[in-house]
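>
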Amino acid sequence: DAGPLHTFPGRVVRTRVAPHPLSVYRTVKSRLRPHADQTTGRERPLPRSGTFQRWALSLLAVPDIYTGWLLPASLAGLREIRRRHVTHLLSSAPCWTNHLVGLVLARLTGLPWTAHFRDPWTRTPGWRPWTPLSRRVEIALEERVVRTASTVVCVTTRHTDLMRRLYPDLRGDTFVTIPNGFDETEWPDRDVASAGAGAAKRNTFVITYVGWLYQRRSPSPLFRALATLIDSGDIDRNRIRVELIGWCDWVDGARVRDIAAEHGVAECVHVSGPLTRREMLRQLVTSDLLLLLAEGLTLQIPGKTYEYLRSGRPILALTSEGALADLLRQTGGAWVVDPSNQDGIVTAVREAYRSWKDGLDSPTADAAAVSRFDRRLLAGQFAEVFARGIPRRPKLWPWRREPGAELREVQNCATSFDRPLH
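Going by this note's numbering, the first residue of the sequence shown is number 106, and it counts up by one from there.
(1) Are the beta-carbon atoms of valine 451 and leucine 334 separated by less than 8 Å?
(2) Output the boundary residues of the alpha helix (DSSP H) element that contains threonine 262.
(3) Taking serine 416 as the reference, which of Leu127, Asp463, Ser476, Ser197 has the closest Cα?
(4) Can you tell me where the alpha helix (DSSP H) holding isoleucine 335 begins and where it ends?
(5) On a Cα-Cα basis, can you pick out the residue from Gln405, Arg321, Val442, Gly438 that is closest to asparagine 285?
(6) Ignore the nearest five residues each way along the sequence and tell me which others in alanine 181's own chain have a CB closer than 6 Å to its CB.
(7) Please identify the residue among Leu176, His190, Arg223 whose C-alpha is closest to the C-alpha of serine 196.
(8) Output the distance between the C-alpha atoms of glycine 215 and isoleucine 283, rounded to the nearest integer angstrom.
(9) Please go through the same chain and pick out, in chain order, the residues whose beta-carbon is closer than 6 Å to the beta-carbon of arginine 342, but skip the five residues on each side of it.
(10) Who does histidine 190 pair with in a DSSP beta bridge?
(11) Between the Cα of isoleucine 350 and those of Ser255, Trp292, Leu433, Arg387, spot the shortest distance and give me the residue it belongs to.
(12) Take isoleucine 69 and list the residues in its own chain whose beta-carbon comes closer than 6 Å to its own, dropping the five residues that flank it on each side.
(13) Can you check the segment 365-399 for any alpha helix (DSSP H) of at least 4 residues that lies completely inside it and give the ranges in chain order?
(14) Check whether the Cβ atoms of valine 370 and leucine 398 sit closer than 8 Å, and answer yes or no.
(15) Expressed to the nearest angstrom, what Euclidean distance is found between the alpha-carbon atoms of leucine 432 and alanine 422?
(16) Identify which residue in Pro168, His190, Thr236, Gly401 has its Cα closest to the Cα of phenylalanine 157.
(17) Taking glycine 207 as part of the beta strand (DSSP E), name the residues at either end of that continuous run.
(18) Is tryptophan 201 buried or exposed, if buried means 16 or more other CB atoms sit within 10 Å of its CB?
(19) If you drop the 5 nearest sequence neighbours on each side, which residues of the same chain put their C-beta closer than 6 Å to that of serine 392?
(20) Just to confirm the assignment, what range does the alpha helix (DSSP H) spanning tryptophan 160 have?
(21) Rounded to a whole number of angstroms, what is the C-alpha to C-alpha distance between serine 460 and alanine 439?
(22) Okay, do the segment 257-266 and the segment 238-245 touch, 3+ Cβ pairs below 8 Å being the bar?
(23) Does the separation of the CB atoms of glutamate 247 and threonine 227 fall below 8 Å?
(24) Is alanine 422 helix, strand or coil by DSSP?
(25) Between which two residues does the beta strand (DSSP E) harbouring arginine 346 extend?
(26) Helix or strand or just coil, what does DSSP make of arginine 360?
(27) Below 6 Å CB to CB, which residues in the same chain sit around serine 377 once its five sequence neighbours on both sides are set aside?
(28) Tell me which same chain residues have a C-beta within less than 8 Å of the C-beta of glutamate 348, skipping the five on either side of it?
(29) Give the secondary structure of tryptophan 174 by DSSP, where H, G and I count as helix, E and B as strand, and everything else as coil.
(30) Check this for me: beta carbons of glutamate 400 and arginine 329, under 8 Å apart or not?
(31) Tell me threonine 410's beta-bridge partners as DSSP assigns them.
(32) Tell me the start and end of each unbroken alpha helix (DSSP H) in the segment 217-259 that is at least 4 residues and wholly inside, in chain order.
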């Protein structure tokens, strides 16, 4: 949904992307072997045989499949810095190539640079580099980014604490926590509000998941719980529906519809493609229970969590102990259950269903606690970071800025390289 770009008051510079060597390699290989897997990037494992080949290809995958954007973005960035008299750089990742662009520009210009880590990069649970060599290279790249940046922004306190432990020699105020959030301007929409008001009249209990199914984000524990509750008579099979919205056809190499059929709940599960922002918000507020799948995510919080909280609907979070569990316990309005705790999942779904069936209010997040994640407030925190009196670094690129350039408001003061366009 490109709608938000239409309201962005700053300048968006589009660049080309050079073909990634790994993509070229796999394209050529697929033509020589027509039945070979044609997935690209990290979606497909590197070959197991041939040590040299595997190590060489592992380096091509560092830090991601968007390194073809590095040179075009750096050149475009240098032009814009000179033309627009930029006074502060901002890069946001993943994709990690974005930080490499920020690194290049910061080194060439000496400008203060804020590196925004929306997720951890290395040395976290679940991080599986291809080879020991690629592991060392990625760690070295992250270290160069962190040590060059004027400020490193993380989105959870747990990640900030980890970074401080990894880099104890850096100033404590180098690392700042600014969480993700929601866009409040999207929510007063009359259609969204009226949709939520009409949800209580529906005769079906709706559980909704929005997003991708990957990295062990499987709905299988929910399907098993539903099967148990249907068999026990606690839930009427004809009054329950699970909506999986987004990229949810496959998970862990299996079709989601087949997984649902194996548990005997296929007729209760509906898989659909991605929706527009307005349609997605309407779906959230008309749901009776919102599903979060975040097994193993101890340091990060899925971005959809904040829309879930703002919707005012109860949440079932299947997650390990970590940043997400911390947040939901602070805000309230959620059942937080480890994915391996099948009895706990059954209990949570039963309670949510009974509350709906009896016309009782289910627990919802504290509105005051949720309001802290309004992006307008979070943008103010970024403005404070940009306004710091950070000294300029020695620059490698001999260029002259016109006198009188000043730090402008948030949307105009930073050159943001959020993701490559291709």
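All C-beta atoms, glycine included, are put in the ideal place defined by N, C-alpha and C.
The structure says:
(1) yes
(2) 262-271
(3) Ser476
(4) Unbroken alpha helix (DSSP H) run through isoleucine 335: 325-337.
(5) Gln405
(6) Answer for alanine 181: Val118, Thr120, listed in chain order.
(7) Arg223
(8) Take the alpha-carbon of glycine 215 and the one of isoleucine 283: they are about 24 Å apart.
(9) The answer, listed in chain order, is Ile335.
(10) DSSP output for histidine 190 lists no bridge partner at all.
(11) Of the listed residues, the one whose Cα sits closest to isoleucine 350 is Arg387.
(12) No answer is possible for residue 69: it lies beyond the span of the chain, which begins at 106 and ends at 527.
(13) 382-390
(14) no
(15) 11 Å
(16) Thr236
(17) Run containing glycine 207: none in the beta strand (DSSP E); it sits in the alpha helix (DSSP H), 202-214.
(18) buried
(19) Val311, Thr313, Arg418
(20) 156-165
(21) 14 Å
(22) no
(23) yes
(24) strand
(25) Here the beta strand (DSSP E) through arginine 346 covers 345-352.
(26) In the displayed model, arginine 360 falls within a strand according to three-state DSSP.
(27) Ile350
(28) Val311, Ile312, Thr313, Tyr314, His375, Ser377, Gln388, Ser392
(29) helix
(30) For the pair glutamate 400 and arginine 329, the CB atoms are not nearer than the 8 Å cut-off.
(31) DSSP output for threonine 410 lists no bridge partner at all.
(32) 237-253
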